[in-house]
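Asks: In the order they appear, the protein sequences are chains A and B. In terms of full-length UniProt numbering, the first sequence has 47 at position 47, counting the first letter as 1, and numbering is strictly consecutive. In terms of full-length UniProt numbering, the second sequence has 11 at position 11, counting the first letter as 1, and numbering is strictly consecutive. For each residue, glycine too, the CB sits at the ideal point set by N, CA and C.
There are 2 protein chains.
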Amino acid sequence: MELKRAEQIADSLEQLVFQGEYEDGERLDEIKLAEQFCVSRTPIREALQRLVMSGMAEQIPRRGVFIRQPGPVELLEMFETMAELEAACGRFAAARMSDDDLERLVEANLRCRDAVEKEDTAGYYHENEVFHQEIYRGATNSHLQGEALRLQNRLKPYRRVQLRFRGRMAQSLAEHDGIIDALKSGDSELAAKLLRGHVTVQGEKFQQLMAGLKN
Amino acid sequence: MELKRAEQIADSLEQLVFQGEYEDGERLDEIKLAEQFCVSRTPIREALQRLVMSGMAEQIPRRGVFIRQPGPVELLEMFETMAELEAACGRFAAARMSDDDLERLVEANLRCRDAVEKEDTAGYYHENEVFHQEIYRGATNSHLQGEALRLQNRLKPYRRVQLRFRGRMAQSLAEHDGIIDALKSGDSELAAKLLRGHVTVQGEKFQQLMAGLKN
DNA sequence: GTTTAAGATATTGTATACAAGAAAATTGAC
DNA sequence: GTCAATTTTCTTGTATACAATATCTTAAAC
Numbered sequence: 001m002e003l004k005r006a007e008q009i010a011d012s013l014e015q016l017v018f019q020g021e022y023e024d025g026e027r028l029d030e031i032k033l034a035e036q037f038c039v040s041r042t043p044i045r046e047a048l049q050r051l052v053m054s055g056m057a058e059q060i061p062r063r064g065v066f067i068r069q070p071g072p073v074e075l076l077e078m079f080e081t082m083a084e085l086e087a088a089c090g091r092f093a094a095a096r097m098s099d100d101d102l103e104r105l106v107e108a109n110l111r112c113r114d115a116v117e118k119e120d121t122a123g124y125y126h127e128n129e130v131f132h133q134e135i136y137r138g139a140t141n142s143h144l145q146g147e148a149l150r151l152q153n154r155l156k157p158y159r160r161v162q163l164r165f166r167g168r169m170a171q172s173l174a175e176h177d178g179i180i181d182a183l184k185s186g187d188s189e190l191a192a193k194l195l196r197g198h199v200t201v202q203g204e205k206f207q208q209l210m211a212g213l214k215n
Numbered sequence: 001m002e003l004k005r006a007e008q009i010a011d012s013l014e015q016l017v018f019q020g021e022y023e024d025g026e027r028l029d030e031i032k033l034a035e036q037f038c039v040s041r042t043p044i045r046e047a048l049q050r051l052v053m054s055g056m057a058e059q060i061p062r063r064g065v066f067i068r069q070p071g072p073v074e075l076l077e078m079f080e081t082m083a084e085l086e087a088a089c090g091r092f093a094a095a096r097m098s099d100d101d102l103e104r105l106v107e108a109n110l111r112c113r114d115a116v117e118k119e120d121t122a123g124y125y126h127e128n129e130v131f132h133q134e135i136y137r138g139a140t141n142s143h144l145q146g147e148a149l150r151l152q153n154r155l156k157p158y159r160r161v162q163l164r165f166r167g168r169m170a171q172s173l174a175e176h177d178g179i180i181d182a183l184k185s186g187d188s189e190l191a192a193k194l195l196r197g198h199v200t201v202q203g204e205k206f207q208q209l210m211a212g213l214k215n
């Protein structure tokens, strides 16, 4: 870890937080980080500000910035919000997706299917992300798309955890088919409803998520 | 304008951008701003970063940060996203609002009615904000509430413009009643639908918004 | 007169120095 | 020995100095 610029440092720090390198409530020492990244405090402070802005850390004036790992409640809230954002994207996408858009969505889903058949968790994790991003794009609303991407990125590490559980990939894939049908037929309400259900974490899914976080 | 801290500077700059002090595409000169606020470039740069993060400005490496006033398309997109966020809040609020929450919502709406009767545009502007914030709160999802507040704040100056038009306040108020009824009866779908329609900008509303921006 | 290239200038990005305030440690009283 | 107060140390926040790079100016060539 060495010799990076402010923006890259922010990304690196984000990765480190995602990888669980830091405990909840841990203070991010500017000087130590500066030494680790071989830069002065200035770019470190810029990177820390970004972390704070993205909600991954909290800043207490004259005290420092402390990383904030979301607890169960906040995690549920974020998934709930994600579900609503995806539902909104689906609602618009059903009415606005072009044939090309639909084509790319179907192709993304085919790659998801490949990954499931190969039992390639990492592959499915990635292709599933692409699948959803195609829907955000299909909403034809750059702002909404941006918000969806932001939260999707924030929830990345937790979705990864979920996929580890047996049957989860297959179920997810099956739901994709229904979503595609709804989008193809232009049924906004159905697309929204299916996407909401697809993303919502509750019941068994919640148990799995929490169990996965223990490790 | 003088002698402020980084955080306050960010707020002040935000206000200035909201007040239309800066043209679209205008570069925010660090040195000039530093002189205006009687501080060094360091806190100015922190404030600028915040502006960039909140989407009110764009940063081009080694070139500077340029303020980005949203055009008609982006404005519509933001209102569309706001409508979906409000719908989501309404959906949850219908199922989760306590009697106390409903009580506060009704009271906020009473103050809205007062403002309409007094033809107090500024008053309605404020109380209407409170009314919607009560719904965000009623969603009982801090994360979603935060996102809704963020976008509401971003759209503030444009909603202000809309209220100038004759009949707009009365119509808005009438819609509030329907929304309250849906929330009281716990009808999630109806609450979501009504709130979406209440916030969505289209047809005549769009014409008014655009006309108001010309001034 | 236009175009291109080299130099000058200005602005951002980073490093360091300094100031202000908070946490920690030491000393003194009981 | 414990607690309180003062001093010390450490950390953040700000100012300034420096480095790197983009833009502007000027001059020369065609």
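Spatial neighbours of residue 86 of chain A within its chain, please: C-beta separation below 6 Å, excluding the five flanking residues on both sides.
Replies: Within the same chain, residue 86 of chain A has close Cβ partners 195 and 199.
Asks: Determine the burial state of residue 77 of chain B: buried for a count of at least 16 other Cβ atoms within 10 Å of its Cβ, exposed for fewer.
Replies: Looking at its Cβ environment, which holds 16 or more other Cβ atoms inside 10 Å, residue 77 of chain B is buried.
Asks: How is residue 15 of chain B classed by DSSP in three states: helix, strand or coil?
Replies: Residue 15 of chain B falls in the helix class under three-state DSSP.
Asks: Identify the contact partners of residue 147 of chain A in chain B, using a Cβ-Cβ distance below 8 Å as the criterion.
Replies: Within chain B, the residues near residue 147 of chain A are 81 and 147.
Asks: Using a Cβ-Cβ cutoff of 7 Å, what residues of the segment 136-170 of chain B are near chain A? List them in chain order.
Replies: Hits within the stretch, in order: 141, 142, 143, 144 and 147.
Asks: Does the beta-carbon distance from residue 183 of chain A to residue 56 of chain A come in below 7 Å?
Replies: No, Cβ-Cβ distance for residue 183 of chain A and residue 56 of chain A is not below 7 Å.
Asks: Of all the alpha helix (DSSP H) runs that stay within the bounds of the segment 114-156 of chain B, which reach a length of 4 or more residues?
Replies: 121-138, all fully within the segment 114-156 of chain B.
Asks: Using a beta-carbon distance cut-off of less than 9 Å, what residues from the segment 39-60 of chain B approach chain A?
Replies: Residues passing the 9 Å Cβ filter: 42, 45, 46, 49, 50, 53, 54 and 55.
Asks: Do residue 9 of chain B and residue 34 of chain B have their C-beta atoms closer together than 7 Å?
Replies: Their beta carbons are not under 7 Å apart, which means residue 9 of chain B does not touch residue 34 of chain B by this criterion.
Asks: Would you verify that the beta carbon of residue 78 of chain A is, or is not, closer than 7 Å to some beta carbon of chain B?
Replies: Interface residue, yes.
Asks: Flag this pair as touching only if the segment 98-108 of chain A and the segment 171-186 of chain A have three or more C-beta atom pairs under 8 Å; answer yes or no.
Replies: A contact exists between the segment 98-108 of chain A and the segment 171-186 of chain A.
Asks: Within the 7 Å Cβ cut-off, does residue 84 of chain B reach chain A?
Replies: Cβ-Cβ to chain A under 7 Å: yes for residue 84 of chain B.
Asks: What is the DSSP secondary structure of residue 30 of chain B, counted as helix, strand or coil?
Replies: Three-state DSSP puts residue 30 of chain B in a helix.
Asks: Quick test of the definition: if touching needs 3 or more C-beta pairs under 8 Å, does the segment 111-125 of chain A touch the segment 154-174 of chain A?
Replies: Taking 8 Å as the limit for Cβ pairs, the verdict is that the segment 154-174 of chain A does touch the segment 111-125 of chain A.
Asks: For residue 59 of chain A, which residues does DSSP report across the bridge?
Replies: Paired residues: A:65.
Asks: For residue 97 of chain A, does the three-state DSSP call read helix, strand or coil?
Replies: In the structure shown, residue 97 of chain A sits in coil (DSSP, three-state: anything other than H, G, I, E or B).
Asks: Just list the alpha helix (DSSP H) runs in the segment 152-212 of chain A, keeping only unbroken ones of 4 residues or longer that don't cross its boundaries, in chain order.
Replies: Within the segment 152-212 of chain A, the complete alpha helix (DSSP H) runs of at least 4 residues are 168-184 and 188-199.
Asks: Please state if the CB of residue 191 of chain A and the CB of residue 90 of chain A are separated by a distance shorter than 7 Å.
Replies: It is a contact, given that the beta carbons lie within the stated cut-off.
Asks: Report all residues from its chain with a CB closer than 7 Å to the CB of residue 141 of chain A; omit the five preceding and five following residues, and keep chain order.
Replies: Correct list, in chain order: 92.
Asks: Measure from the alpha carbon of residue 123 of chain B to the alpha carbon of each residue in B:201, B:109, B:136 and B:88, then state which is nearest.
Replies: When each option's Cα is compared against that of residue 123 of chain B, the closest is B:109.
Asks: Taking 7 Å as the limit between beta carbons, can you name the residues of its chain near residue 161 of chain B, skipping five residues before and five after?
Replies: The answer, listed in chain order, is 209, 212 and 213.
Asks: When you compare each of B:51, B:30 and B:121 to residue 42 of chain B by their alpha carbons, which one comes out closest?
Replies: That would be B:30, whose Cα lies nearest to the Cα of residue 42 of chain B.
Asks: Tell me where the alpha helix (DSSP H) around residue 21 of chain B begins and ends.
Replies: Unbroken run through residue 21 of chain B: none, as it is neither H nor E.
Asks: For residue 179 of chain B, does the count of other Cβ atoms within 10 angstroms reach 16, so buried, or fall short, so exposed?
Replies: It counts as buried.
Asks: Could you spell out where the alpha helix (DSSP H) holding residue 43 of chain A opens and where it closes?
Replies: Residues 41-53.
Asks: Look up residue 38 of chain B in the DSSP assignment and say whether it is helix, strand or coil.
Replies: Three-state result, residue 38 of chain B: coil.
Asks: Given residue 60 of chain A, which residues of its chain have a CB within under 8 Å of its CB, disregarding the five upstream and five downstream residues?
Replies: These residues qualify, in order along the chain: 66.
Asks: Taking residue 45 of chain A as the reference, give the member of A:167, A:204, A:6 and A:145 with the closest Cα.
Replies: Of A:167, A:204, A:6 and A:145, the residue nearest in Cα terms is A:6.
Asks: Measure the C-alpha to C-alpha separation of residue 134 of chain B and residue 203 of chain A and round it to an integer number of angstroms.
Replies: C-alpha separation (whole angstroms): 29 Å.
Asks: Suppose contacts are defined by Cβ-Cβ distances below 7 Å. Is residue 163 of chain A in contact with residue 125 of chain A by that definition?
Replies: For residue 163 of chain A and residue 125 of chain A, yes; Cβs fall inside 7 Å.
Asks: Closest to residue 121 of chain A by CA distance: which of A:148, A:168 and A:52 is it?
Replies: Answer by Cα proximity: A:168.
Asks: Keeping to the same chain, check which residues put their C-beta closer than 7 Å to that of residue 26 of chain A; ignore five residues upstream and five downstream.
Replies: The residues are 66 and 67.
Asks: How should residue 49 of chain B be labelled, buried or exposed, when 16 other C-beta atoms within 10 angstroms of its C-beta is the threshold for buried?
Replies: So residue 49 of chain B counts as buried.
Asks: Would residue 192 of chain A pass as an interface residue toward chain B - the criterion being a Cβ-Cβ separation below 7 Å?
Replies: Taking Cβ atoms only, chain B never reaches closer than 7 Å to residue 192 of chain A, which makes this a no.
Asks: What would DSSP say about residue 90 of chain B, mapped onto helix, strand or coil?
Replies: Residue 90 of chain B falls in the helix class under three-state DSSP.
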